[in-house]
Amino acid sequence: MLSAYVHVPFCARRCGYCDFNTYAVGRIALSLDGWLDAILTEIAVRARPGGGPLSTVFIGGGTPTLLGAARLGSVLDALRGAFGLTPTAEVTVEANPETVTDDLLDALLDAGVNRLSLGMQSADEAVLATLDRAHTPGQALRSVEAAHRAGFGNVSLDLIYGTPGESLTSWATTLKAALSVCPEHVSCYALIVEPGTPLARRIARGDLPAPDDDLMADKYILADETLTAAGLRWYELSNWAQPNHACRHNLNYWRSGDWLGFGPGAHAAHGSVAGHPSRAHYWNQKQPTRWAAALARDHSGAAGAEALTAAEVHEERVLLELRLATGLPLDVLTPTEAARVPRLVADGLAITRRNRLSLTLKGRLLADKVTRDLLD
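Taking this note's numbering, I'd label the letters of the sequence shown as residues 158 to 533.
So, in structure tokens, the structure goes:
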């Protein structure tokens, strides 16, 4: 399975918690059309006739819908021409609610987009203000309804829990609001206070309280209970979906599949993770104007590459697949790692079933620690 990720670095404005590779439109020299010219060049240069087709495409950012449907359609046309798309390819575009219109949705469907991922974050206006989000709670919900009316059968909502000032009641209200519009997929991400962000500076000054770990755990448990009761099932630590609506693109990441990365700062990976592994990671220039200039100069925006050792491939596989509800094959583990499994099971952190190791709810709350304790 081959996937493609396309990074759009533009936002109308940067949110105070965000440390992604994004920039407010007009704050960098690269324009929307300049980005498009560069991305089309990169796709053409890296075309692999016979090396595809692509099973999934994910256009993320940033706010890809700031590009408009015509530019996004040009990107998808270029990917089709360079690699091909499978007949059932999953094609996702991320969007902020304030950018969604009926005309845009119709045009995206016409261009071949069949999955929409909307950044709702919260139904609490105070929480949205703390996060510096530009939309209102109502805009996010109306965008889901509009997408369903337009014909999208796969709409995802991104939620964030743990924002300073957010109570458990507030989080419960957000979950209820999200479910009221029947999304096929919901992602719930714990807020991470990234160093150097405006939010981190506000917390450091004492203007806002730091997130509380115990309350964060309570919110995760509430999310799991609420979403499960509504018919969505967890399939990855932060993701729940209706049957047959798990994000196939992200599953390819977690299963150590092959993917191509286009755009500033985008990463790519290819190679086997079984038998005698030969796996490599690649990444592009992060700064958008440098990435575009490098492509114009020598048709390469690449910044670096690394070949993973067998030990690194093993560690990556354990780290990623243990995040999944389907778990990790026990025969992947080394003898010493396998010897640690009974203790994880006895402590209620994991279960073994059909020769696979899976995390319990308690284990999911401590996933990083479980992984560290398991690995050699």
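Built from N, CA and C at the ideal position, the CB exists for glycine as well.
Being a predicted model, the structure only gives us computed values, none of them experimental.
Unbroken beta strand (DSSP E) run spanning residue i, endpoints
i: L425; result: For clarity, residue 425 is Ala in the given sequence; the question names Leu instead. Counting along the chain, the beta strand (DSSP E) containing A425 begins and ends at H424 to S429.
i: R436; result: S435 to N441
i: I317; result: V312 to Y318
i: G217; result: L211 to G218
i: A460; result: A459 to A464
i: A507; result: A507 to R510
Residues sharing a beta bridge with residue i, DSSP
i: L417; result: A161
i: A398; result: H342 and R390
i: R272; result: T249
i: L481; result: E393
i: Y180; result: F167
i: L514; result: L485 and T509
Residue i, enclosing alpha helix (DSSP H) - first and last residue
i: A169; result: Element bounds for A169: n/a, residue is neither H nor E.
i: G520; result: L518 to L522
i: R299; result: P294 to A307
i: I196; result: L189 to V202
i: E469; result: A467 to E478
i: T446; result: P445 to D455
i: P499; result: V498 to A503
i: L408; result: R405 to W411
i: A283; result: E282 to T287
i: T493; result: P492 to A495
Integer-rounded CB distance, given that residue j should sit under 8 Å from residue i
i: P221; j: V165; result: 4 Å
i: V527; j: V470; result: Wrong, their Cβ atoms sit about 20 Å apart, outside the cutoff.
i: L541; j: F167; result: This structure cannot settle anything about residue 541, because the visible part of the chain is limited to 158 through 533.
i: T179; j: G219; result: 5 Å
i: N512; j: P486; result: 6 Å
i: R226; j: A252; result: The sequence as given places Ala at residue 226; Arg does not occur at that position. The pair is not a contact, with the Cβ atoms about 11 Å apart (cut-off 8 Å).
i: E393; j: W416; result: Contact doesn't hold; Cβ gap of about 16 Å is too wide.
i: S212; j: A246; result: 6 Å
i: P445; j: I185; result: 6 Å
i: L348; j: I378; result: In fact, because the Cβ distance is near 16 Å, the residues do not count as touching under 8 Å.
i: G418; j: H424; result: 5 Å
i: M158; j: N409; result: 6 Å
i: A286; j: L314; result: The pair is not a contact, with the Cβ atoms about 19 Å apart (cut-off 8 Å).
i: A524; j: L514; result: Contact doesn't hold; Cβ gap of about 12 Å is too wide.
At least three beta-carbon pairs within less than 8 Å, the region 229-241 to the region 191-204: Using a C-beta cut-off of 8 Å, the region 229-241 makes contact with the region 191-204, since at least three inter-stretch Cβ pairs fall below that distance.
Segments of 4+ residues assigned as alpha helix (DSSP H) that fall wholly inside the region 331-388: Secondary structure within the region 331-388: the alpha helix (DSSP H) runs of 4 or more consecutive residues, fully enclosed, are 355-362 and 370-386 (chain order).
The region 490-503 contacting the region 439-458, beta-carbon criterion three pairs below 8 Å: Counting Cβ pairs under 8 Å, fewer than three are found: no touch.
Completely contained beta strand (DSSP E) runs for the region 229-257, where each covers 3 or more residues: Listed in chain order, they are 242-252.
Segment contact flag, the region 306-319 with the region 335-344, C-beta cutoff 8 Å, min 3 pairs: yes
The region 279-290 in contact with the region 312-324 per 3-pair CB rule at 8 Å: yes
Three CB pairs or more closer than 8 Å across the region 379-397 and the region 352-364: no
Cβ pair count under 8 Å reaching 3, the region 283-300 against the region 169-187: yes
Contact the region 455-475 vs the region 518-533: 3+ CB pairs below 8 Å: yes
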